[in-house]
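*Asks:* To start, I am sharing the structure in question, which I have written as structure tokens.
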Amino acid sequence: MLAGKAGKATRLGIKGEKKEIVVRPISWGKQEELLYKRWVRRNEHMVDSLSGGRIAYVHIEAMDAASFHEFYKNLLSEKNRMRDAVIVDTRHNGGGWLHNDVCIALSGKAYSRFTPRGKFIGNDPFDRWVKPSCMLVCEDNYSNAHGTPWVYQTMGIGKVVGMPVPGTMTSVNWETLQDPSMYFGIPVVGYRTKDGRYLENLQLEPDYKVRNEYEKAMKGQDQQIEKAVEVLLEEVANDSTRW
Numbered sequence: 030m031l032a033g034k035a036g037k038a039t040r041l042g043i044k045g046e047k048k049e050i051v052v053r054p055i056s057w058g059k060q061e062e063l064l065y066k067r068w069v070r071r072n073e074h075m076v077d078s079l080s081g082g083r084i085a086y087v088h089i090e091a092m093d094a095a096s097f098h099e100f101y102k103n104l105l106s107e108k109n110r111m112r113d114a115v116i117v118d119t120r121h122n123g124g125g126w127l128h129n130d131v132c133i134a135l136s137g138k139a140y141s142r143f144t145p146r147g148k149f150i151g152n153d154p155f156d157r158w159v160k161p162s163c164m165l166v167c168e169d170n171y172s173n174a175h176g177t178p179w180v181y182q183t184m185g186i187g188k189v190v191g192m193p194v195p196g197t198m199t200s201v202n203w204e205t206l207q208d209p210s211m212y213f214g215i216p217v218v219g220y221r222t223k224d225g226r227y228l229e230n231l232q233l234e235p236d237y238k239v240r241n242e243y244e245k246a247m248k249g250q251d252q253q254i255e256k257a258v259e260v261l262l263e264e265v266a267n268d269s270t271r272w
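Numbering of the sequence shown is given in our numbering, commencing with residue 30 and proceeding in unit increments.
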């Protein structure tokens with residue numbers, strides 16, 4: 030009965046009550062967007078609670094410009110700058126082209142501190158994260174969401190936590206047919222490591238392999254986030270380079 034009415038004022042009668050209400054049904058895509066935002070807020074709250082407010086959490090929805098802007102804004106927000114570490118979540122990311130941008134943003138090395146009247150307000154470089162981080166991955170990370178944690182791990186920026194990621198780091202050209210509803214991808218550029226292996230089919234093994242068990246996930250528990258918090262709290266405690 031509500032098919033095709035997304036965004037339109039729609040009057041509904043309430044069964045058993047002598048009243049009507051007017052609603053604006055949403056689309057499936059809008060529902061997915063709202064569910065995603067709720068999931069991110071839940072994860073932020075979970076990390077905040079488990080770490081006692083010491084660790085920040087950011088999720089990268091896709092490897093595109095809009096997602097990078099959101100990631101960068103949250104990563105270096107006033108709230109998160111004061112945290113001791115950050116969890117960068119790439120789970121369920123379908124890819125794009127951000128591996129350099131993300132890894133550069135996370136690889137800052139502090140060389141000075143801003144302290145007006147003795148109060149710490151930030152570090153230089155101001156435009157990069159200079160504290161410990163770790164990256165979450167899972168089985169359905171795809172394309173550049175395989176390449177990004179691979180670069181992150183290979184460059185030694187931080188630890189990778191989660192499940193192995195299938196090797197799918199190959200650039201694809203997408204072509205649209207005469208019927209614009211039909212399009213297909215053509216693999217074009219393969220990425221090779223220093224030892225000559227292609228990242229395609231080269232599975233990424235996390236530093237800490239953690240599976241979210243179904244029964245616990247259904248109760249709202251996220252074992253991968255729990256492990257990431259544990260790893261970072263230990264790293265922060267043992268970090269002799271902290272000022």
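Idealized CB from N, CA, C, for every residue including glycine.
No experiment lies behind these values; they were computed from the predicted model shown.
Ser106: which of Ile89, Ile116, Ala85 sits nearest, CA to CA?
*Replies:* Checking every option, the nearest Cα to that of Ser106 belongs to Ala85.
*Asks:* Among the residues of its own chain, which have a CB less than 6 Å from the CB of Val217, if the five just before and after it don't count?
*Replies:* Around Val217, the same chain offers Ser200, Asn202 as residues with beta carbons nearer than 6 Å, after the five sequence neighbours per side are excluded.
*Asks:* Between Thr119 and Leu165, is the Cβ-Cβ spacing less than 8 Å?
*Replies:* Yes; because the gap between Cβ atoms is below 8 Å, this pair is in contact.
*Asks:* Can you name, in chain order, every residue of its own chain whose Cβ lies under 6 Å from the Cβ of Gly176, other than the five neighbours on each side?
*Replies:* His128, Met198
*Asks:* Starting from the Cα of Ala174, find the closest Cα among Glu229, Met211, Lys48 and give me that residue.
*Replies:* Out of Glu229, Met211, Lys48, Glu229 has the C-alpha closest to the C-alpha of Ala174.
*Asks:* DSSP three-state label for Val159, please.
*Replies:* coil
*Asks:* What is the C-beta distance between Ile116 and Ala266, in whole angstroms, given that I count them as a contact (C-beta under 8 Å)?
*Replies:* Not a contact, Cβ separation roughly 16 Å.
*Asks:* Consult DSSP for Met30 and reduce its assignment to one of helix, strand or coil.
*Replies:* coil
*Asks:* How big is the Cα-Cα spacing for Asn109 and Pro154?
*Replies:* When the Cα atoms are used, Asn109 and Pro154 turn out to be separated by approximately 15 Å.
*Asks:* Tell whether a beta-carbon distance below 8 Å holds between Glu264 and Ala114.
*Replies:* yes
*Asks:* For the alpha helix (DSSP H) that contains Arg67, what are its first and last residues?
*Replies:* 57–80
*Asks:* Along the chain, where does the beta strand (DSSP E) that runs through Pro178 open and close?
*Replies:* Counting along the chain, Pro178 falls outside any beta strand (DSSP E), though it belongs to the alpha helix (DSSP H) covering 173–183.
*Asks:* Output the distance between the C-alpha atoms of Glu204 and Val51, rounded to the nearest integer angstrom.
*Replies:* 43 Å
*Asks:* If we require 3 or more residues per run, which beta strand (DSSP E) segments fall completely within the segment 201–267?
*Replies:* 212–219
*Asks:* Would Trp179 and Leu135 qualify as a contact pair, given that the criterion is a beta-carbon distance under 8 Å?
*Replies:* With contacts defined by Cβ atoms closer than 8 Å, Trp179 and Leu135 do not form a contacting pair.
*Asks:* Measuring alpha carbon to alpha carbon, tell me which of Gly42, Tyr212, Ala38, His74 ends up nearest Arg53.
*Replies:* Ala38
*Asks:* Give the straight-line distance between the Cα atoms of Asn122 and Pro193, rounded to the nearest whole angstrom.
*Replies:* 14 Å
*Asks:* Roughly how many whole angstroms lie between the Cα atoms of Gln250 and Leu262?
*Replies:* Taken atom to atom, the span from the alpha-carbon of Gln250 to that of Leu262 is near 19 Å.
*Asks:* Looking at the structure shown, is Ser106 part of a helix, part of a strand, or coil, going by DSSP?
*Replies:* In the structure shown, Ser106 sits in coil (DSSP, three-state: anything other than H, G, I, E or B).
*Asks:* When we look at the beta-carbon of Ile254 and count the other beta-carbons within 10 Å, is it buried (16 or more) or exposed?
*Replies:* Ile254 should be labelled buried.
*Asks:* Can you tell me whether DSSP reads Tyr101 as helix, strand or coil?
*Replies:* helix
*Asks:* Does the separation of the CB atoms of Val239 and Val189 fall below 8 Å?
*Replies:* Against a cut-off of 8 Å, the Cβ pair of Val189 and Val239 comes out as no contact.
*Asks:* Can you tell me the Cα-Cα spacing of Met111 and Gly151, whole angstroms?
*Replies:* The alpha-carbon atoms of Met111 and Gly151 are separated by roughly 8 Å.
*Asks:* What beta strand (DSSP E) runs, 3 residues minimum, are completely inside the segment 113–152?
*Replies:* 114–118, 141–143
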